[in-house]
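Numbering (this note's numbering), first residue to last: 149 to 431.
What follows is the structure, given as structure tokens:
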């Protein structure tokens with residue numbers, strides 16, 4: 149490649165990197181504004197009162213208690229921290245930023261889009277939006293797991309940010325779909341709410357174990373998932389609709405996914421330690 153061609157390639161790469169940084173900033177700003185709209189700060193209706201109350205904490209047996217949603221403040225704080233950090237000149241050309249920056253921007257846009265869908269459209273549209281968000285978060289987290297973190301910033305502002313987002317949205321998707329089904333299935337199905345609730349939580353347990361296994365026991369998605377499950381257990385024990393089976397199942401799922409994450413992390417750390425020892429002996 150000629151010197152001119154190499155120079156042109158570097159200029160193009162720098163332009164793309166700058167565009168990525170600006171896109172992340174714009175996407176997170178959009179997400180924050182959409183969140184303000186979603187909670188009614190601009191005169192609209194709060195999310196819990198939208199869709200005839202289908203998204204409230206007492207709509208189904210799989211709805212987490214109201215306090216569970218405070219995790220959004222944590223997720224947004226991490227997203228803002230990532231946005232500021234990735235905008236630094238030192239982060240502009242890093243391969244890991246190039247790998248996931250555009251995807252994190254997409255998750256911010258989809259996050260805000262769900263809030264706008266809840267505020268202005270219909271319940272089925274919110275299901276489509278949150279499933280799309282879950283898929284984008286899953287893919288982004290996969291890329292991060294396959295790309296080794298190189299600093300505390302990587303672990304905290306990339307891996308933990310996406311992990312918390314993924315763990316919470318995994319459970320929020322279940323609650324959103326349950327809210328939609330509660331408005332569409334025959335009323336007779338409501339008599340079997342406990343059975344369906346426990347069955348869905350079994351699936352959540354499988355998803356949590358899968359996330360733990362794939363991520364090598366990274367704690368952030370398990371923490372967020374367990375937080376939501378804990379508030380399902382609390383809400384079903386102290387609020388309507390009351391459901392002891394679902395509350396017990398939610399606690400059991402927490403135990404399962406936390407134990408799975410701890411076991412996977414222990415085995416992963418053991419393999420890594422043994423690998424370091426082998427390399428040191430052969431050096």
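Backbone N, C-alpha and C define an ideal beta-carbon position, used for all residues, glycine too.
query: Taking 8 Å as the threshold (C-beta atoms), are residue 328 and residue 284 in contact?; result: no
query: Hey, is the region 193-209 in contact with the region 301-319, meaning 3+ C-beta pairs nearer than 8 Å?; result: no
query: Can you find at least 3 beta carbon pairs, one from the region 408-416 and one from the region 345-361, that sit closer than 8 Å?; result: yes
query: Would you mind sorting residue 414 into buried or exposed? The rule is 16 or more other CB atoms within 10 Å of its CB.; result: exposed
query: Can you tell me which of 164, 208, 170, 295 puts its alpha carbon nearest to the alpha carbon of residue 333?; result: 208
query: Measuring straight from C-alpha to C-alpha, what distance separates residue 295 and residue 170?; result: 23 Å
query: Just how far apart, CA to CA, sit residue 348 and residue 247?; result: 34 Å
query: Are residue 432 and residue 219 closer than 8 Å when you measure CB to CB?; result: Because the chain here runs from 149 to 431, residue 432 falls outside it and cannot be looked at.
query: Considering only residues of the same chain and omitting the five flanking positions on each side of residue 416, which have a CB-CB separation below 8 Å?; result: 364, 365
query: Under the rule that 16 or more other beta-carbon atoms within 10 Å means buried, what is residue 175, buried or exposed?; result: buried
query: Decide if residue 274 is buried, meaning its Cβ has at least 16 other Cβ atoms within 10 Å, or exposed.; result: buried
query: With DSSP as the reference, label residue 386 as helix, strand or coil.; result: helix
query: Nearest to residue 173 by alpha carbon, out of 222, 236, 162?; result: 236
query: Using C-beta distances below 7 Å, list every residue in its chain close to residue 402, excluding the 5 sequence neighbours before and after it, in chain order.; result: 374, 377, 378
query: Quick check on the burial criterion: 16 or more other C-beta atoms within 10 angstroms. Buried or exposed for residue 189?; result: exposed
query: Where does residue 297 fall in DSSP's three states?; result: coil
query: My understanding is that residue 259 touches residue 184, with C-beta atoms under 8 Å, so please give their C-beta distance in whole angstroms.; result: About 13 Å separates the two Cβ atoms, so there is no contact after all.
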